[in-house]
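In UniProt numbering, the protein residues as written are 1 to 300.
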Amino acid sequence: MKYLLLSYTLAAAWDAATAGAPSEEALAAFAEYQKFEQELTETGEFVASEGLGHPVVSTTVRRAADGVVATDGPFAELKEVLASFAVRELARVDLTREAIRLTRMLHAALPDDAEATSLLALMLLTDSRRHARTGADRELVPLDEQDRTRWDPDLIRAGTELIDSVWNRGAAGPYRLQAAIAAVHAAAASPEETDWPQIAMLYLWLERLTPTAPIRLSRVVAVAQAYGPARGLALLDDLNTRHHLDLDPLTRQRERAVRAHLLQMTGDTASAADLYRQAAALTGNQVEQRYLLGKAARLG
1 MKYLLLSYTL
11 AAAWDAATAG
21 APSEEALAAF
31 AEYQKFEQEL
41 TETGEFVASE
51 GLGHPVVSTT
61 VRRAADGVVA
71 TDGPFAELKE
81 VLASFAVREL
91 ARVDLTREAI
101 RLTRMLHAAL
111 PDDAEATSLL
121 ALMLLTDSRR
131 HARTGADREL
141 VPLDEQDRTR
151 WDPDLIRAGT
161 ELIDSVWNRG
171 AAGPYRLQAA
181 IAAVHAAAAS
191 PEETDWPQIA
201 MLYLWLERLT
211 PTAPIRLSRV
221 VAVAQAYGPA
231 RGLALLDDLN
241 TRHHLDLDPL
251 TRQRERAVRA
261 HLLQMTGDTA
271 SAADLYRQAA
281 ALTGNQVEQR
291 YLLGKAARLG
């Protein structure tokens with residue numbers, strides 16, 4: 001009989017969601033975790049364990065009818081929650097490490113599951129940039145300004161090997177594509193060497209699989225970097241017409257930040273500065289807010 005221990009601490013998860021102020025995505029991810037945890041509470045078995053600085057935490061044991069954890073249902077939800085907290089939240093090293101530890105367990109239990117492998121690859125590649133992602137005063141350092149000598153080569157190597165091992169294994173899932181995007185970024189020794197056309201193509205593929213606003217906006221940035229800001233702005237206008245990203249409370253903050261970035265690329269610094277300030281007013285993350293206001297101040 002195979003068991004998979006899904007160890008997670010509600011207190012630590014809530015600490016992460018409320019560090020500074022929670023993003024909408026963090027709150028949504030936490031709500032999904034609570035739902036998932038309740039399902040396991042009703043149907044699972046429980047033991048006690050140590051974790052994340054808490055003396056005793058609940059560890060849930062979930063098994064399918066045949067004794068093997070399946071790749072659908074709760075397992076899929078757990079992958080999404082782990083990705084949400086580990087990849088989207090800033091400066092939570094303890095929670096990121098816990099999420100990576102859990103995903104290693106999932107990968108060990110299901111080594112033939114390409115999405116579990118891809119999620120682990122994505123987490124390792126994302127974590128490889130942790131030391132370069134914030135500065136001495138905890139200010140956000142964007143990818144193109146990061147000191148790449150501070151990236152962790154061992155994590156990059158491990159993540160790249162994982163995604164390479166599953167790249168040709170059947171139809172690609174969303175985590176495989178996200179990990180591939182992260183691997184392309186990691187392969188570039190400098191921002192100028194980044195293969196933006198490939199990243200734009202991967203985002204288009206990803207958008208067709210999971211047509212969400214964050215993915216659409218990420219594709220806009222990739223298109224602008226690959227083919228120029230005019231192409232990016234045209235795509236953003238088209239997406240706003242069809243999906244109202246600029247009006248949706250869950251997307252309007254990033255839409256303004258993306259548009260500001262593209263306008264800055266065109267040389268329209270006044271409009272860009274105004275939009276950076278608007279984006280800063282719409283985020284509750286203090287690290288991101290300081291970064292956006294700093295961008296606006298430098299533009300005048």
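Each residue gets a CB set at the ideal place from its N, CA and C atoms; glycine is no exception.
Computed from a prediction, not measured in an experiment: that's the story for all the values here.
Straight-line Cα distance separating glutamate 115 from leucine 155: For leucine 155 and glutamate 115, the distance between alpha carbons rounds to 18 Å.
Please classify threonine 134: does DSSP put it in a helix, a strand, or coil? It is a strand residue.
Excluding sequence positions up to five away, which residues of its chain have a Cβ less than 6 Å from the Cβ of histidine 131? Residues Arg150 of the same chain have their beta carbon placed closer than 6 Å to that of histidine 131, with the five preceding and five following residues left out of the count.
Out of curiosity, what's the CA-to-CA distance linking alanine 83 and glutamate 288? Note that alanine 83 scores a pLDDT of 39, beneath 50, so its modelled location is shaky; the value from the coordinates is reported in the next line. Approximately 19 Å, taken between the alpha carbons.
Compare the Cα-Cα distances from glycine 228 to each of Gln264, Thr117, Arg169 and report the closest residue. Closest option to glycine 228, Cα to Cα, is Gln264.
Let me confirm a value: aspartate 248 is counted as buried when at least 16 other C-beta atoms fall within 10 Å, else exposed. Which label applies? Label assigned to aspartate 248: exposed.
Glutamine 253, DSSP secondary structure in three states: Of the three classes helix, strand and coil, the one that applies to glutamine 253 here is helix, per DSSP.
With a cut-off of 8 Å on the beta carbons, I'd call valine 223 and histidine 261 a contact; round off their distance for me. Wrong, their Cβ atoms sit about 12 Å apart, outside the cutoff.
Inter-stretch contact at 8 Å, needing at least 3 Cβ pairs: the region 155-164 / the region 195-213: By the Cβ rule, the region 155-164 does not count as touching the region 195-213, because fewer than three pairs are nearer than 8 Å.
Arginine 259 versus valine 184 - alpha carbon distance: Rounded to whole angstroms, arginine 259 to valine 184 spans 24 Å at the Cα level.
Beta-carbon separation (whole angstroms), residue 373 vs arginine 133, contact threshold 8 Å: Outside the modelled stretch of the chain, which goes from 1 to 300, sits residue 373, for which no answer is possible.
How is the alpha helix (DSSP H) around alanine 172 delimited, first residue to last? Per DSSP, alanine 172 lies in no alpha helix (DSSP H) and is assigned neither H nor E.
Alpha carbon of leucine 209 to alpha carbon of histidine 107, nearest angstrom: Distance from the CA atom of leucine 209 to the CA atom of histidine 107, rounded to whole angstroms, is 22 Å.
Could you check the C-alpha separation between alanine 171 and serine 165 for me, to the nearest Å? About 14 Å.
If you follow the alpha helix (DSSP H) that alanine 189 is in, where does it begin and where does it stop? Segment: none, alanine 189 is in no alpha helix (DSSP H) and carries neither H nor E.
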